[in-house]
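Inspection log for the structure reproduced underneath, given as structure tokens.
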Amino acid sequence: MKLYTINTEPLRDLDIFETRIKELPESRAKKARSYRLAKDRALSLGAGLLLNQALRESGINPVTVEFDTSECKKPRLIEHPDFHFNIAHSEAFAILGVGDTPLGVDIEKISPVPLDIARQYFFKSEYAYLMALPEAQRTLGFYRLWTLKESFMKAVGLGFQLPLNHFEITLTVPIQIKQQVDRHDYTFTEYQALPDYCISSCEQL
């Protein structure tokens, strides 16, 4: 799997936005323009620019390529079933994962979070793992688990239709998962590409 990242903050400038949006296919440009807030328009544009780059690198024309969605609304390429991709964003950063098997990516800015969220929504063993960490490490541990879990939920194409506590992530080396969603095996990767962010990917083997 290949990971792409972009800081979309410069794209909030109207002049830059209007210049770069001309690079997108009409349908994606229309989507980017539909957002009310400049930061959301910039994130949509940035994701589109990353996808353009990845498509070109794979020999696919981003202007003529056609998309549809799975039953769970996950975008896919109609004529290129082996080109799998997934997009995520947090704050000003957008990321794109591309591979030849189903995959998911997630990015989250590391900031204070009430750990009751983990108690309420995570698998019991995951919450126990967090509470066993030194207090100063718990926030990072939370975001590691969150991004890994969400990347799996996206890789299987269900997103938040799959409850967070219906599968278990173990932060071993390599990272392990216990799940009954399907019979496939999955591999996880964590990235330190951006300071103060957690980035994770999940890819079907």
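Under numbering that gives the first Met the number 0, the first residue of the sequence shown carries the number 0, and numbering increases by one thereafter. A virtual CB, placed ideally from N, CA and C, is assigned to each residue, including glycine.
Look at Asn85 here: in three-state DSSP terms it is strand. In its chain, beyond the 5 residues on either side, Ile77 have a beta carbon closer than 6 Å to the beta carbon of Glu65. Distance between Ser110 and Asp14, taken at the CA atoms: about 31 Å.
Taking a 10 Å sphere around the C-beta of Thr18, we find fewer than 16 other C-beta atoms and assign the residue as exposed.
A direct Cα-Cα distance of roughly 25 Å separates Phe187 from Asp115. When DSSP assignments are scanned along the region 7 to 36, the uninterrupted stretches of alpha helix (DSSP H) that are 4 or more residues long and fall wholly within it turn out to be 13 to 19, 25 to 32. Bridge partners of Glu167 according to DSSP: Lys177. In terms of Cβ geometry, Ser200 and Leu54 do not form a close pair [threshold 8 Å]. In the DSSP assignment, Phe92 falls within the unbroken beta strand (DSSP E) covering 92 to 98. Secondary structure note for Leu144: its alpha helix (DSSP H) is the uninterrupted segment 137 to 154. The bridge partners DSSP lists for Tyr185 are Gln203.
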